[in-house]
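Trainee:
Numbering (our numbering), first residue to last: 106 to 467.
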(Lines of atoms letter the chains of each structure in order from A and count residues from 1; the text may use other names and numbers.)
(Lines give C-alpha, C1' and ligand atoms only; values in the text may rest on other atoms or scores of the structure.)
Protein backbone atom coordinates (compact mmCIF):
# COMPACT_ATOMS: atom_id res chain seq x y z
CA UNK A 1 0.00 0.00 0.00
CA UNK A 2 1.32 3.44 -0.95
CA UNK A 3 1.94 5.62 2.09
CA UNK A 4 -0.14 8.77 2.35
CA UNK A 5 1.51 12.09 3.05
CA UNK A 6 -0.04 15.49 3.67
CA UNK A 7 1.63 18.89 3.76
CA UNK A 8 0.22 21.55 6.10
CA UNK A 9 1.39 25.17 6.23
CA UNK A 10 0.56 27.59 9.05
CA UNK A 11 2.29 30.78 10.11
CA UNK A 12 0.49 32.13 13.17
CA UNK A 13 -0.31 30.92 16.70
CA UNK A 14 -4.05 30.36 16.35
CA UNK A 15 -3.59 28.65 12.96
CA UNK A 16 -0.96 26.41 14.57
CA UNK A 17 -3.51 25.40 17.20
CA UNK A 18 -6.35 24.84 14.72
CA UNK A 19 -4.13 22.86 12.34
CA UNK A 20 -2.90 20.70 15.22
CA UNK A 21 -6.49 19.66 15.96
CA UNK A 22 -6.88 18.61 12.31
CA UNK A 23 -3.63 16.60 12.44
CA UNK A 24 -4.77 14.70 15.54
CA UNK A 25 -8.10 13.85 13.91
CA UNK A 26 -6.42 12.92 10.61
CA UNK A 27 -4.09 10.51 12.42
CA UNK A 28 -7.13 8.93 14.05
CA UNK A 29 -8.72 8.38 10.61
CA UNK A 30 -5.44 7.46 8.84
CA UNK A 31 -3.00 6.18 11.50
CA UNK A 32 -0.14 5.75 9.00
CA UNK A 33 -0.41 9.21 7.44
CA UNK A 34 2.77 11.28 7.30
CA UNK A 35 2.31 15.01 7.87
CA UNK A 36 5.04 17.54 7.16
CA UNK A 37 5.28 21.26 6.50
CA UNK A 38 5.59 24.59 8.28
CA UNK A 39 4.04 25.38 11.63
CA UNK A 40 4.53 25.84 15.33
CA UNK A 41 4.82 23.82 18.54
CA UNK A 42 1.21 22.62 18.58
CA UNK A 43 1.48 21.08 15.11
CA UNK A 44 4.81 19.46 16.01
CA UNK A 45 3.32 18.01 19.19
CA UNK A 46 0.39 16.64 17.17
CA UNK A 47 2.85 14.68 15.04
CA UNK A 48 3.84 16.90 12.13
CA UNK A 49 7.41 16.97 10.84
CA UNK A 50 8.11 20.69 11.09
CA UNK A 51 10.49 21.66 8.29
CA UNK A 52 10.18 25.37 9.08
CA UNK A 53 9.05 27.31 12.12
CA UNK A 54 6.67 30.23 11.81
CA UNK A 55 8.59 32.87 13.76
CA UNK A 56 9.27 35.04 10.71
CA UNK A 57 5.52 35.42 10.16
CA UNK A 58 4.72 36.92 13.58
CA UNK A 59 4.24 40.38 12.06
CA UNK A 60 1.17 42.49 11.51
CA UNK A 61 0.19 45.14 9.03
CA UNK A 62 1.38 46.40 5.67
CA UNK A 63 4.56 48.06 6.91
CA UNK A 64 5.64 45.41 9.43
CA UNK A 65 6.38 42.66 6.90
CA UNK A 66 8.81 44.70 4.77
CA UNK A 67 11.94 44.12 6.91
CA UNK A 68 11.44 40.33 6.67
CA UNK A 69 10.47 40.03 3.03
CA UNK A 70 13.77 38.46 1.93
CA UNK A 71 13.66 35.84 4.68
CA UNK A 72 10.02 34.99 3.91
CA UNK A 73 10.79 34.64 0.19
CA UNK A 74 13.65 32.28 1.00
CA UNK A 75 11.33 30.07 3.08
CA UNK A 76 8.80 30.11 0.24
CA UNK A 77 11.33 28.87 -2.32
CA UNK A 78 12.75 26.17 -0.08
CA UNK A 79 9.31 24.95 1.01
CA UNK A 80 8.09 24.80 -2.60
CA UNK A 81 11.11 22.74 -3.59
CA UNK A 82 10.63 20.31 -0.70
CA UNK A 83 6.90 19.84 -1.33
CA UNK A 84 7.45 19.27 -5.05
CA UNK A 85 10.14 16.72 -4.22
CA UNK A 86 7.90 14.80 -1.79
CA UNK A 87 4.64 15.28 -3.75
CA UNK A 88 2.11 14.70 -0.96
CA UNK A 89 -1.42 13.57 -1.81
CA UNK A 90 -2.90 16.78 -0.35
CA UNK A 91 -1.52 20.21 0.55
CA UNK A 92 -3.42 22.11 3.26
CA UNK A 93 -2.55 25.81 3.54
CA UNK A 94 -4.00 27.25 6.76
CA UNK A 95 -4.87 30.96 6.75
CA UNK A 96 -1.78 33.21 6.07
CA UNK A 97 -3.13 34.29 2.64
CA UNK A 98 -0.27 36.52 1.46
CA UNK A 99 2.08 33.54 1.69
CA UNK A 100 -0.24 30.58 1.29
CA UNK A 101 -2.18 31.73 -1.77
CA UNK A 102 1.04 32.14 -3.71
CA UNK A 103 2.22 28.75 -2.45
CA UNK A 104 -1.09 27.10 -3.35
CA UNK A 105 -0.98 28.53 -6.87
CA UNK A 106 2.52 27.25 -7.48
CA UNK A 107 1.75 23.77 -6.15
CA UNK A 108 -1.62 23.51 -7.92
CA UNK A 109 0.06 24.27 -11.26
CA UNK A 110 2.38 21.35 -10.52
CA UNK A 111 -0.56 18.98 -10.22
CA UNK A 112 -0.96 18.76 -6.44
CA UNK A 113 -4.35 18.78 -4.70
CA UNK A 114 -5.02 21.85 -2.55
CA UNK A 115 -7.47 22.03 0.36
CA UNK A 116 -7.32 25.53 1.83
CA UNK A 117 -8.42 25.82 5.48
CA UNK A 118 -9.52 29.20 6.93
CA UNK A 119 -10.19 31.46 3.99
CA UNK A 120 -8.77 34.95 3.46
CA UNK A 121 -11.40 37.57 4.29
CA UNK A 122 -12.08 38.41 0.65
CA UNK A 123 -15.60 39.51 1.62
CA UNK A 124 -13.97 42.44 3.46
CA UNK A 125 -11.30 43.43 0.94
CA UNK A 126 -9.42 42.08 -2.08
CA UNK A 127 -12.51 40.36 -3.50
CA UNK A 128 -10.43 39.26 -6.48
CA UNK A 129 -8.94 36.66 -4.15
CA UNK A 130 -12.21 34.72 -4.33
CA UNK A 131 -11.75 34.16 -8.08
CA UNK A 132 -8.11 33.27 -7.49
CA UNK A 133 -9.13 30.64 -4.93
CA UNK A 134 -11.47 29.07 -7.49
CA UNK A 135 -8.44 28.57 -9.74
CA UNK A 136 -5.81 27.45 -7.21
CA UNK A 137 -7.77 25.17 -4.85
CA UNK A 138 -9.68 21.92 -5.03
CA UNK A 139 -11.58 22.78 -1.86
CA UNK A 140 -11.97 25.63 0.61
CA UNK A 141 -12.94 24.87 4.22
CA UNK A 142 -14.51 28.05 5.62
CA UNK A 143 -15.15 28.85 9.28
CA UNK A 144 -17.97 31.41 9.11
CA UNK A 145 -21.45 30.45 7.84
CA UNK A 146 -21.80 33.38 5.42
CA UNK A 147 -18.49 32.55 3.72
CA UNK A 148 -19.79 29.40 2.01
CA UNK A 149 -22.30 31.28 -0.14
CA UNK A 150 -19.88 34.15 -0.78
CA UNK A 151 -17.05 31.98 -2.10
CA UNK A 152 -19.37 29.57 -3.91
CA UNK A 153 -20.73 32.51 -5.91
CA UNK A 154 -17.21 32.92 -7.34
CA UNK A 155 -16.95 29.26 -8.35
CA UNK A 156 -15.01 28.05 -5.30
CA UNK A 157 -15.72 24.56 -3.95
CA UNK A 158 -16.41 26.02 -0.50
CA UNK A 159 -17.82 24.18 2.51
CA UNK A 160 -18.66 25.52 5.97
CA UNK A 161 -16.98 23.18 8.44
CA UNK A 162 -17.69 25.10 11.66
CA UNK A 163 -15.49 27.43 13.65
CA UNK A 164 -12.54 25.91 15.56
CA UNK A 165 -13.27 28.05 18.61
CA UNK A 166 -16.62 26.29 18.94
CA UNK A 167 -14.72 23.05 19.53
CA UNK A 168 -12.54 24.72 22.13
CA UNK A 169 -15.59 26.16 23.89
CA UNK A 170 -17.85 23.16 23.30
CA UNK A 171 -18.99 23.08 26.92
CA UNK A 172 -20.85 26.34 26.33
CA UNK A 173 -20.37 29.90 27.43
CA UNK A 174 -19.88 30.40 31.16
CA UNK A 175 -20.36 34.13 30.66
CA UNK A 176 -19.71 37.07 32.92
CA UNK A 177 -21.94 38.23 35.75
CA UNK A 178 -23.41 41.65 36.45
CA UNK A 179 -22.35 43.89 38.10
CA UNK A 180 -18.83 43.23 36.79
CA UNK A 181 -16.24 42.54 39.47
CA UNK A 182 -13.40 41.46 37.17
CA UNK A 183 -12.40 43.35 34.03
CA UNK A 184 -9.91 41.89 31.56
CA UNK A 185 -7.56 44.06 29.51
CA UNK A 186 -6.49 42.38 26.26
CA UNK A 187 -4.32 44.80 24.24
CA UNK A 188 -3.02 42.22 21.77
CA UNK A 189 -0.50 39.40 21.52
CA UNK A 190 2.37 41.36 19.95
CA UNK A 191 4.55 43.82 21.83
CA UNK A 192 4.05 46.66 19.36
CA UNK A 193 0.28 46.29 19.74
CA UNK A 194 0.61 46.33 23.52
CA UNK A 195 2.74 49.49 23.47
CA UNK A 196 0.16 51.21 21.26
CA UNK A 197 -3.08 50.19 22.97
CA UNK A 198 -2.33 49.32 26.61
CA UNK A 199 -1.50 52.90 27.74
CA UNK A 200 -4.94 54.04 26.54
CA UNK A 201 -6.57 51.15 28.39
CA UNK A 202 -4.70 52.02 31.59
CA UNK A 203 -5.76 55.68 31.45
CA UNK A 204 -9.36 54.58 30.94
CA UNK A 205 -9.04 52.16 33.86
CA UNK A 206 -8.02 55.02 36.16
CA UNK A 207 -11.11 56.99 35.16
CA UNK A 208 -13.38 53.99 35.80
CA UNK A 209 -11.71 53.27 39.14
CA UNK A 210 -12.74 56.63 40.54
CA UNK A 211 -16.38 55.48 40.43
CA UNK A 212 -15.84 51.75 40.92
CA UNK A 213 -12.77 51.17 43.12
CA UNK A 214 -13.89 47.63 44.03
CA UNK A 215 -13.36 46.25 40.50
CA UNK A 216 -10.22 44.17 39.93
CA UNK A 217 -8.28 44.40 36.66
CA UNK A 218 -6.58 41.48 34.93
CA UNK A 219 -4.20 41.23 31.98
CA UNK A 220 -3.25 37.91 30.34
CA UNK A 221 0.26 37.94 28.86
CA UNK A 222 0.73 35.97 25.64
CA UNK A 223 3.51 33.41 25.32
CA UNK A 224 6.73 35.00 24.12
CA UNK A 225 5.94 38.39 25.67
CA UNK A 226 8.08 39.62 28.58
CA UNK A 227 5.75 40.14 31.59
CA UNK A 228 8.09 42.78 33.01
CA UNK A 229 7.78 44.84 29.83
CA UNK A 230 3.99 44.63 30.04
CA UNK A 231 3.93 45.46 33.76
CA UNK A 232 6.00 48.58 33.08
CA UNK A 233 3.14 49.90 30.93
CA UNK A 234 0.41 48.97 33.42
CA UNK A 235 -0.49 50.04 36.96
CA UNK A 236 0.75 47.99 39.94
CA UNK A 237 -2.79 46.87 40.78
CA UNK A 238 -3.29 45.23 37.36
CA UNK A 239 -2.84 41.47 37.85
CA UNK A 240 -0.86 39.70 35.13
CA UNK A 241 -1.75 36.11 34.20
CA UNK A 242 -0.42 33.51 31.78
CA UNK A 243 -4.02 32.81 30.76
CA UNK A 244 -7.45 34.20 31.51
CA UNK A 245 -9.98 31.84 33.04
CA UNK A 246 -12.79 34.21 33.98
CA UNK A 247 -13.88 37.82 33.46
CA UNK A 248 -17.13 39.77 33.70
CA UNK A 249 -16.18 42.43 31.15
CA UNK A 250 -13.35 42.75 28.63
CA UNK A 251 -11.60 45.67 26.97
CA UNK A 252 -10.05 43.98 23.98
CA UNK A 253 -8.14 44.70 20.79
CA UNK A 254 -10.05 43.70 17.68
CA UNK A 255 -9.07 40.24 16.53
CA UNK A 256 -9.09 36.70 17.84
CA UNK A 257 -9.55 37.67 21.49
CA UNK A 258 -12.66 39.75 20.85
CA UNK A 259 -14.29 36.77 19.15
CA UNK A 260 -13.26 34.41 21.96
CA UNK A 261 -14.66 36.73 24.62
CA UNK A 262 -17.98 36.84 22.76
CA UNK A 263 -18.07 33.03 22.55
CA UNK A 264 -17.51 32.90 26.31
CA UNK A 265 -20.43 35.27 26.86
CA UNK A 266 -18.28 38.10 28.24
CA UNK A 267 -19.51 41.62 27.31
CA UNK A 268 -16.75 43.73 25.80
CA UNK A 269 -15.54 46.94 24.23
CA UNK A 270 -13.51 46.42 21.06
CA UNK A 271 -10.49 48.68 20.42
CA UNK A 272 -8.17 49.11 17.49
CA UNK A 273 -5.27 51.42 16.70
CA UNK A 274 -2.40 50.97 14.26
CA UNK A 275 0.17 53.10 12.48
CA UNK A 276 -1.08 55.94 10.32
CA UNK A 277 0.17 54.20 7.17
CA UNK A 278 -1.53 50.90 7.97
CA UNK A 279 -4.77 52.68 8.86
CA UNK A 280 -4.87 54.80 5.70
CA UNK A 281 -4.23 51.75 3.53
CA UNK A 282 -6.92 49.77 5.35
CA UNK A 283 -9.44 52.59 4.96
CA UNK A 284 -8.71 52.69 1.24
CA UNK A 285 -9.31 48.99 0.65
CA UNK A 286 -11.51 47.50 3.41
CA UNK A 287 -15.22 47.38 2.56
CA UNK A 288 -17.02 46.32 5.74
CA UNK A 289 -19.12 48.22 8.25
CA UNK A 290 -17.57 46.71 11.39
CA UNK A 291 -14.14 45.61 12.54
CA UNK A 292 -15.15 43.20 15.34
CA UNK A 293 -16.09 39.68 14.28
CA UNK A 294 -19.13 39.49 16.63
CA UNK A 295 -20.59 42.53 14.86
CA UNK A 296 -19.66 41.19 11.40
CA UNK A 297 -21.38 37.84 12.04
CA UNK A 298 -24.48 39.42 13.58
CA UNK A 299 -24.67 42.14 10.94
CA UNK A 300 -25.20 44.87 13.51
CA UNK A 301 -23.31 46.85 16.14
CA UNK A 302 -23.91 44.60 19.14
CA UNK A 303 -20.51 45.49 20.64
CA UNK A 304 -19.07 49.04 20.83
CA UNK A 305 -16.00 49.65 18.63
CA UNK A 306 -13.43 52.41 19.16
CA UNK A 307 -11.07 52.69 16.19
CA UNK A 308 -7.93 54.78 15.65
CA UNK A 309 -8.59 58.42 16.67
CA UNK A 310 -11.84 57.46 18.41
CA UNK A 311 -9.81 55.34 20.83
CA UNK A 312 -9.16 57.82 23.65
CA UNK A 313 -9.10 57.17 27.42
CA UNK A 314 -12.22 59.28 27.89
CA UNK A 315 -14.27 57.56 25.16
CA UNK A 316 -13.13 54.13 26.31
CA UNK A 317 -13.94 54.86 29.96
CA UNK A 318 -17.40 56.12 28.98
CA UNK A 319 -18.19 52.91 27.08
CA UNK A 320 -16.96 50.74 29.96
CA UNK A 321 -18.95 52.72 32.54
CA UNK A 322 -22.14 52.45 30.51
CA UNK A 323 -21.84 48.66 30.44
CA UNK A 324 -20.95 48.47 34.14
CA UNK A 325 -23.87 50.67 35.17
CA UNK A 326 -26.58 49.47 32.77
CA UNK A 327 -27.67 45.91 33.49
CA UNK A 328 -30.03 45.79 30.50
CA UNK A 329 -27.24 46.74 28.11
CA UNK A 330 -24.95 44.14 29.69
CA UNK A 331 -27.55 41.38 29.30
CA UNK A 332 -28.50 42.46 25.75
CA UNK A 333 -24.89 41.96 24.73
CA UNK A 334 -24.87 38.47 26.24
CA UNK A 335 -28.10 37.66 24.39
CA UNK A 336 -26.45 38.79 21.15
CA UNK A 337 -23.53 36.44 21.85
CA UNK A 338 -25.98 33.55 22.38
CA UNK A 339 -27.49 34.38 18.98
CA UNK A 340 -24.01 34.37 17.42
CA UNK A 341 -23.25 30.93 18.85
CA UNK A 342 -26.49 29.57 17.39
CA UNK A 343 -25.55 30.98 13.99
CA UNK A 344 -22.16 29.24 14.14
CA UNK A 345 -23.70 25.86 14.97
CA UNK A 346 -22.01 22.83 16.53
CA UNK A 347 -20.00 21.40 13.63
CA UNK A 348 -16.54 20.00 14.38
CA UNK A 349 -14.08 21.60 11.94
CA UNK A 350 -11.19 19.33 12.86
CA UNK A 351 -13.27 16.27 11.96
CA UNK A 352 -14.72 17.94 8.87
CA UNK A 353 -11.36 19.02 7.49
CA UNK A 354 -9.61 15.75 8.38
CA UNK A 355 -12.36 13.72 6.67
CA UNK A 356 -12.12 15.96 3.60
CA UNK A 357 -8.34 15.47 3.49
CA UNK A 358 -8.74 11.69 3.79
CA UNK A 359 -11.29 11.65 0.96
CA UNK A 360 -9.01 13.71 -1.30
CA UNK A 361 -5.99 11.55 -0.44
CA UNK A 362 -7.88 8.38 -1.32
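A virtual CB, placed ideally from N, CA and C, is assigned to each residue, including glycine.
#1: Relative to the C-alpha of residue 302, which candidate in 416, 160, 127 and 438 has its C-alpha closest?
#2: Rounded to a whole number of angstroms, what is the C-alpha to C-alpha distance between residue 209 and residue 217?
#3: Indicate the three-state DSSP secondary structure (helix, strand or coil) for residue 266 in the structure shown.
#4: Looking at the structure shown, is residue 199 part of a helix, part of a strand, or coil, going by DSSP?
#5: Rounded to whole angstroms, what is the Cα-Cα separation between residue 313 and residue 283?
#6: Return the bridge partner residues of residue 346 from the DSSP annotation.
#7: Do you know how far the Cα of residue 433 is from the Cα of residue 142?
#8: Report yes if the CB atom of residue 286 is closer than 8 Å to the CB atom of residue 320, and no otherwise.
#9: Any contact of the region 221-239 with the region 192-205, i.e. 3+ C-beta pairs under 8 Å?
#10: Residues in its own chain within less than 6 Å of residue 219 by CB, not counting five upstream and five downstream?
#11: Report the residue from 295, 123, 245 and 153 whose alpha carbon sits nearest the alpha carbon of residue 137.
#12: Do residue 128 and residue 140 count as a contact pair if the criterion is CB distance below 8 Å?
#13: Nearest to residue 455 by CA position, among 379, 400 and 269, is which residue?
#14: Given residue 338, which residues of its chain have a CB within under 8 Å of its CB, disregarding the five upstream and five downstream residues?
#15: Look at the alpha carbon of residue 178 and the alpha carbon of residue 429, and state the distance between them as a whole number of angstroms.
#16: Given this structure, state the Cα-to-Cα distance separating residue 160 from residue 385, to the nearest angstrom.
#17: Mind listing, in chain order, the continuous alpha helix (DSSP H) runs of no fewer than 4 residues lying wholly within the region 394-459?
#18: With DSSP as the reference, label residue 190 as helix, strand or coil.
Mentor: Walking through what the data contain:
#1: As a position in the chain shown, residue 302 is number 197, starting the count at 1. It is 416.
#2: Position 104 of the chain shown, counted from the start, is the residue given in the question as residue 209. Position 112 of the chain shown, counted from the start, is the residue given in the question as residue 217. Note on geometry: alpha-carbon atoms of residue 209 and residue 217 lie some 9 Å from one another.
#3: The sequence position of residue 266 within the chain shown is 161, counting from 1. Coil at residue 266, not helix or strand.
#4: What you label residue 199 is simply residue 94 of the chain shown in a count that begins at 1. Three-state DSSP puts residue 199 in a strand.
#5: Translated into the one-based positions of the chain shown, residue 313 becomes position 208. Translated into the one-based positions of the chain shown, residue 283 becomes position 178. Within the model, the alpha-carbon separation for residue 313 versus residue 283 is close to 16 Å.
#6: Your numbering for residue 346 matches position 241 in the chain shown. Per DSSP, 325.
#7: For the purposes of this step, residue 142 is identified with residue 37 of the chain shown, where counting begins at 1. For the purposes of this step, residue 433 is identified with residue 328 of the chain shown, where counting begins at 1. Approximately 49 Å, taken between the alpha carbons.
#8: Translated into positions along the chain shown, residue 286 becomes position 181. Translated into positions along the chain shown, residue 320 becomes position 215. Taking 8 Å as the Cβ cut-off, residue 286 and residue 320 qualify as a contacting pair.
#9: Yes, they touch.
#10: Walking along the chain shown from the start, residue 219 turns up at place 114. So the qualifying residues of the chain are 196, 209, 213, 242 and 243.
#11: Sequence index remark: in the chain shown, residue 137 carries index 32 (1-based). The shortest C-alpha separation from residue 137 is found at 153.
#12: As a first step, residue 140 must be located in the chain shown, where it is residue number 35. As a first step, residue 128 must be located in the chain shown, where it is residue number 23. Yes, the pair counts as a contact, with Cβ atoms nearer than the cut-off.
#13: Position 350 of the chain shown holds residue 455. For residue 455, the closest alpha carbon among the candidates 379, 400 and 269 is that of 269.
#14: Position 233 of the chain shown, counted from the start, is the residue given in the question as residue 338. Only 299, 300, 303, 304 and 307 meet the Cβ criterion.
#15: Working through the chain shown from its first residue, we reach residue 178 at position 73. Working through the chain shown from its first residue, we reach residue 429 at position 324. Their Cα atoms are separated by approximately 48 Å.
#16: Taking the first residue of the chain shown as 1, we reach residue 160 at position 55. Taking the first residue of the chain shown as 1, we reach residue 385 at position 280. Taking the straight line joining both Cα atoms gives about 27 Å.
#17: You should have 398-403, 418-430 and 432-449.
#18: Position 85 of the chain shown, counted from the first residue, corresponds to residue 190. If DSSP states are grouped into helix, strand and coil, residue 190 belongs with the helices.
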